[in-house]
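Engineer: Read left to right, the sequence shown gives residues 3 to 163 (my numbering).
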Amino acid sequence: MGGVFFDSKSSIDDYSYISGDNFGFSKSKILNTHIGKYCSIGTNLITLPSGHNYRMISNYPFKLIYPKNKDNLTSKPITINNDVWIGSNVIILGGVVISDGAVIGAGSVVTKNVPPYTIVAGNPAKIIKTRFQKNIVEQIKKEQWWNHKISQKLANRLNNI
Numbered sequence: 003m004g005g006v007f008f009d010s011k012s013s014i015d016d017y018s019y020i021s022g023d024n025f026g027f028s029k030s031k032i033l034n035t036h037i038g039k040y041c042s043i044g045t046n047l048i049t050l051p052s053g054h055n056y057r058m059i060s061n062y063p064f065k066l067i068y069p070k071n072k073d074n075l076t077s078k079p080i081t082i083n084n085d086v087w088i089g090s091n092v093i094i095l096g097g098v099v100i101s102d103g104a105v106i107g108a109g110s111v112v113t114k115n116v117p118p119y120t121i122v123a124g125n126p127a128k129i130i131k132t133r134f135q136k137n138i139v140e141q142i143k144k145e146q147w148w149n150h151k152i153s154q155k156l157a158n159r160l161n162n163i
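Structure, rendered in structure tokens:
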């Protein structure tokens, strides 16, 4: 059965959504992640805030066997800011910040921060291009439209730039 799993360290702001699947195969798993406003997220998003500490002799998490042992996993929260579009089957690693207005191509593995209004794709995700010229990006960042009440008129304007 499909669905979206959110752990207790995750949150999602108003008007954001994660696509389901008509056949019940969407298995998004959101861990230690904050999702901002007006985000559009495809099926099967996986956020992985934890990773193995490869500097240790063993990669195995012995804390599973011996609960008093020190945990050898590292964990860093993930932030997805406002008005972000994430395609299907994307993986985002711990500590990553995806800035306002970014677009993440389907099937990408995001290992580094994504600048505002930038399109990234691939494994690892790399910058493809920016969505707008720098002066327009600065104006959008200054206005922060997602923090205002959205009227029908403003919604039409936002879709017709």
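Just so it is clear, CB atoms sit at the ideal spot from N, CA and C, and this is done for glycine as well. Since the structure is predicted, the reported quantities are computational estimates derived from the model, not experimental observations.
(1) Evaluate alanine 157 with the Cβ neighbour count: other Cβ atoms within 10 Å of its Cβ, from every protein chain shown; 16 or more gives buried, anything less gives exposed.
(2) Return the bridge partner residues of serine 110 from the DSSP annotation.
(3) Considering only their Cβ atoms, is the gap separating serine 101 from leucine 75 smaller than 8 Å?
(4) Quick test of the definition: if touching needs 3 or more C-beta pairs under 8 Å, does the region 76 to 84 touch the region 36 to 45?
(5) Distance check for tyrosine 119 and threonine 132, CA to CA, integer angstroms please.
(6) Decide if serine 110 is buried, meaning its Cβ has at least 16 other Cβ atoms within 10 Å, or exposed.
(7) Between the region 54 to 71 and the region 11 to 20, can you find at least three pairs of beta-carbon atoms closer than 8 Å?
(8) Please state the DSSP three-state secondary structure of phenylalanine 64.
(9) Could you pull the start and end residues of the alpha helix (DSSP H) that isoleucine 142 belongs to?
(10) For a test of the three-state rule: what should DSSP assign to leucine 95, helix, strand or coil?
(11) Closer than 6 Å by C-beta to glycine 107: which residues in its own chain qualify, once you throw out the five before and the five after it? Chain order, please.
(12) Tell me, which residues are paired with leucine 160 by DSSP?
(13) For glutamine 154, would you say it is in contact with chain C, using Cβ-to-Cβ distances shorter than 8 Å as the test?
(14) For the ligand COA, is there any heavy atom lying closer than 7 Å to the beta carbon of alanine 104?
Structural biologist: Straight from the coordinates:
(1) It counts as exposed.
(2) For serine 110, which the question treats as bridged, DSSP gives no partner whatsoever.
(3) no
(4) Output reads yes: the region 36 to 45 touches the region 76 to 84.
(5) 6 Å
(6) buried
(7) Touching, no.
(8) helix
(9) In this chain, the alpha helix (DSSP H) harbouring isoleucine 142 covers 136 to 145.
(10) strand
(11) Gly89, Ala123
(12) Beta-bridge pairing links leucine 160 to no other residue.
(13) Given the protein chain composition of this structure (a single chain), no chain C is represented.
(14) The ligand COA is not among the ligands present in this structure, which contains no ligands whatsoever.
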